[in-house]
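Step one of this worksheet: look at the structure below.
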Amino acid sequence: PDIVSQGRRPAPFACGYCHLPNGLGRPENESVAGLPKEYIEEQAAAFRSGLRRSSEPKMASVTAMIAVAKAATPEEIAQAADYFSSMRLTPWIRVVETDTVPKTRIEGGMLVVEEGAGKEPIGDRVIETPEDLRLTELRDSESGFIAYVPRGSLRRGKELVTTGGDGRTIPCAVCHGEDLRGLGNVPPIAGRSPSQMARQIIDIQTGARGGAAVALMKMPVARLTASDIVAITGYLASLKP
Numbered sequence: 469p470d471i472v473s474q475g476r477r478p479a480p481f482a483c484g485y486c487h488l489p490n491g492l493g494r495p496e497n498e499s500v501a502g503l504p505k506e507y508i509e510e511q512a513a514a515f516r517s518g519l520r521r522s523s524e525p526k527m528a529s530v531t532a533m534i535a536v537a538k539a540a541t542p543e544e545i546a547q548a549a550d551y552f553s554s555m556r557l558t559p560w561i562r563v564v565e566t567d568t569v570p571k572t573r574i575e576g577g578m579l580v581v582e583e584g585a586g587k588e589p590i591g592d593r594v595i596e597t598p599e600d601l602r603l604t605e606l607r608d609s610e611s612g613f614i615a616y617v618p619r620g621s622l623r624r625g626k627e628l629v630t631t632g633g634d635g636r637t638i639p640c641a642v643c644h645g646e647d648l649r650g651l652g653n654v655p656p657i658a659g660r661s662p663s664q665m666a667r668q669i670i671d672i673q674t675g676a677r678g679g680a681a682v683a684l685m686k687m688p689v690a691r692l693t694a695s696d697i698v699a700i701t702g703y704l705a706s707l708k709p
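Residue 469 is where the sequence shown starts when you use this note's numbering, and the numbers rise one by one after that.
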């Protein structure tokens, strides 16, 4: 639809520019492919009303999304929701456990490898960067991302996701489905970007993201540490969508 492919002047600009025509998105925004239509429409309404914002005021992608949600008509939002919800989330992220990562810099709202700068310890971080920066900037629909996570993250993440980690959280399958590929209006989370999912957990923890559905997430994320978030999102990203 026009709202996805070209947008409308002077606003809103095309959904496909940030979320890509395949809906898989980039680390600085969200993968919307395969999300329930009603969920997409609810999130657009939350951006428009102020219920959904970022806990980082300088997060340009969220500022842009708020502007788009306010400028788009209900018909345009419904068209975009129809389009993206009809798509299948496909493998887009390669998760690698490691002790060290290439040094990166911020460019285009995401982390990119600084050529010739060497490596550094990963610490308690997810470092998500393009497989091929040139193709990523061309919005190539076949060129995805690498997500580096600390060694042991996938084992620890699986424990937290599947059992709750001895009361640290609640097993994700309770709401997101046994295969973590969604349940009704609850979004699928298997195979999505760890950067995206980590931001949402933090925004819910800080209260920057609100709404009826978010109320159900407050208890599961309340006690999660940065290390827990890295492990959970790394494990979820490693799963088949």
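C-beta atoms are modelled at their ideal positions from N, C-alpha and C, and glycine is treated no differently.
For residue i versus residue j, is the C-beta spacing smaller than 8 Å?
i, j, result
"Arg446", "Asp567", "Residue 446 is absent from the structure shown; the chain starts at 469 and stops at 709."
"Ile700", "Ser523", "no"
"Pro480", "Val536", "yes"
"Gly652", "Leu519", "no"
"Val698", "Arg607", "no"
"Ala501", "Met555", "yes"
"Cys486", "Val472", "no"
"Ser499", "Arg660", "yes"
"Gly650", "Phe552", "no"
"Gly702", "Gly625", "yes"
"Ala615", "Val563", "yes"
"Ile561", "Ala705", "yes"
"Ala676", "Arg494", "no"
"Gly576", "Glu605", "yes"
"Gly586", "Lys571", "yes"
By DSSP, does residue i sit in helix, in strand, or in coil?
i, result
"Val500", "coil"
"Pro589", "strand"
"Glu627", "helix"
"Glu582", "coil"
"Glu605", "helix"
"Leu492", "coil"
"Ala479", "coil"
"Thr566", "strand"
"Leu648", "coil"
"Ala658", "coil"
"Thr674", "helix"
"Arg667", "helix"
How far does the alpha helix (DSSP H) with residue i in it reach, from first residue to last?
i, result
"Ile545", "542-553"
"Pro688", "680-689"
"Glu509", "505-517"
"Ile534", "528-539"
"Ile697", "694-706"
"Ser473", "470-473"
Kindly give me the distance between the Cβ atoms of residue i and residue j, rounded to whole angstroms, as I take these residues to be in contact under 8 Å.
i, j, result
"Pro656", "Gln547", "Contact flag wrong, Cβ pair sits at about 21 Å."
"Pro662", "Leu557", "Their Cβ separation, rounded to whole angstroms, is 14 Å, which puts Pro662 and Leu557 out of contact at 8 Å."
"Ala681", "Glu510", "7 Å"
"Gly611", "Glu599", "Rather than Gly, the amino acid found at residue 611 in this sequence is Ser. Confirmed, about 6 Å."
"Thr597", "Val617", "Contact doesn't hold; Cβ gap of about 12 Å is too wide."
"Val654", "Gln673", "Actually they do not touch by this definition, with Cβ atoms about 19 Å apart."
"Leu648", "Leu601", "About 30 Å separates the two Cβ atoms, so there is no contact after all."
"Glu543", "Leu622", "Contact doesn't hold; Cβ gap of about 43 Å is too wide."
Figure out for me which residue from the options has the closest Cα to the Cα of residue i.
i, options, result
"Met685", "Glu583, Ala479, Ala658, Val642", "Val642"
"Val629", "Val617, Glu646, Phe613, Tyr616", "Glu646"
"Asp550", "Ile508, Ser695, Ala705", "Ile508"
"Arg476", "Thr631, His644, Ile545", "Ile545"
"Asp603", "Gln474, Leu488, Arg667", "In the sequence as presented, Asp is not what sits at residue 603; that position holds Leu. When each option's Cα is compared against that of Leu603, the closest is Leu488."
"Thr541", "Lys526, Pro525, Val530, Ala513", "Ala513"
"Asp696", "Ala658, Pro525, Ile638", "Ile638"
"Arg667", "Ala658, Met687, Ala694, Ala683", "Ala694"
"Pro478", "Ala658, Lys538, Pro504, Met665", "Lys538"
Where do the ends of the beta strand (DSSP E) carrying residue i lie?
i, result
"Ile711", "With the chain covering 469 to 709 only, the question about residue 711 has no answer from this structure."
"Ile638", "No beta strand (DSSP E) contains Ile638, which DSSP labels as neither H nor E."
"Glu575", "572-575"
"Pro618", "613-618"
Can you confirm whether residue i, when its beta carbon is compared against all beta carbons of chain B, has any partner nearer than 8 Å?
i, result
"Leu648", "Of the protein chains in this structure there is only one, and it is not chain B."
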